[in-house]
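Colleague: Before anything else, here's the structure in question.
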Amino acid sequence: MMKSLLAILVATTLSLPTVAQDDAKAERLFRRCAACHTLDEGGRNRVGPNLFGVFDRDIASRDDFRYSDALLSLEGRWNDDAINQYLLSPRTYARGTKMAFAGIRKTEDRLLLIDWLKRKTASASEATPAVANDPDLALLPDGPGKQETFDGCASCHSIKLVVQQGLDEDGWAEVIEWMVDEQGMDPLDGDLAQTITDYLATHFGVDRPNFRQ
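One point on numbering: in the numbering used here, the residue at position 188 of the sequence shown is 569, and numbering is uninterrupted.
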């Protein structure tokens with residue numbers, strides 16, 4: 382029984398896009414921007430300004446960069462919506478802009494890039510772990526190991542997949558071992574691996590009320 386459940390988990394995991402895959406796609410999308418923009422803290426301005434800390438910053442507000450009149454004429458902050466509209470069509474959002482970039486037409490690609498940029502350009506103090514109102518975190522029952530399990534599992538696949546499973550402690554340990562050996566997950570130290578295994582076996586074991594044996 383445990384082997385069949387593991388096979389289902391493996392097959393479903395392989396069919397889902399992972400955070401790593403999303404990040405790789407976002408990084409490819411950013412290559413069109415990288416010739417003109419840097420992301421790291423203290424990075425140099427190029428043809429365009431360095432983008433570190435750009436989210437929720439006033440538009441055209443870096444003191445060390447000379448902006449075009451088109452951008453200087455804009456008001457507001459670079460929130461998610463403003464950046465989304467700008468990425469869709471820079472020349473429409475800021476008429477007269479000198480930026481040659483034509484834009485990204487697919488909404489999915491823009492949102493993927495925005496999420497990636499937000500993480501890449503955030504300071505350490507802003508890069509906080511998942512909070513209690515995160516919709517995926519809310520799927521996990523409260524208990525010791527909840528945050529560790531979320532951080533460990535959500536980096537590779539949807540929490541919605543995890544909460545559909547029912548394995549005993551050995552089964553969950555085997556899943557974690559498989560993820561490390563076959564899927565490139567970073568190895569967990571002994572205490573962390575045990576914390577996650579204990580949490581999963583407690584809340585998503587074979588005796589869970591809604592699990593069909």
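Where a beta carbon is used, it is the ideal one built from N, C-alpha and C, also for glycine. Every value quoted in this text rests on a predicted model; they were computed, and no experiment measured them.
(1) Which residues does DSSP list as the beta-bridge partners of Asp403?
(2) So, are the CB atoms of His584 and Gly524 less than 8 Å apart?
(3) Looking at the structure shown, is Ala511 part of a helix, part of a strand, or coil, going by DSSP?
(4) Using 8 Å as the threshold, is the C-beta distance between Leu453 and Ala441 below it?
(5) If distances are taken between C-alpha atoms only, which option among Leu469, Gly434, Thr419 comes closest to Ser504?
(6) Would you call the region 405-417 and the region 487-499 in contact, with 3 or more CB pairs under 8 Å?
(7) Which two residues bound the contiguous alpha helix (DSSP H) that contains Val543?
(8) Give the secondary structure of Arg491 by DSSP, where H, G and I count as helix, E and B as strand, and everything else as coil.
(9) Taking 8 Å as the limit between beta carbons, can you name the residues of its chain near Ala416, skipping five residues before and five after?
(10) Enumerate in chain order the residues of its own chain whose CB-to-CB distance from Phe592 is below 7 Å, with the five nearest sequence positions on each side excluded.
(11) From what residue to what residue does the alpha helix (DSSP H) around Tyr474 run?
(12) Could you work out which residue in Phe436, Gly423, Leu469 is closest to Lys499 when comparing CA atoms only?
(13) How long is the line joining the alpha carbons of Ile485 and Ala475, rounded to whole angstroms?
Modeller: Put simply:
(1) Beta-bridge pairing links Asp403 to no other residue.
(2) yes
(3) Confidence is the limiting factor: at Ala511 the pLDDT is only 47, short of 50, which leaves the residue's position unreliable and the question unanswerable from this model.
(4) yes
(5) Gly434
(6) yes
(7) 540-543
(8) helix
(9) Cβ neighbours of Ala416 beyond the five flanking positions: Arg427, Val428.
(10) Low per-residue confidence applies at Phe592: pLDDT is 47, beneath 50, and the placement is therefore not dependable, though the value from the model is reported in the following sentence. Gly547.
(11) 471-474
(12) Phe436
(13) 15 Å
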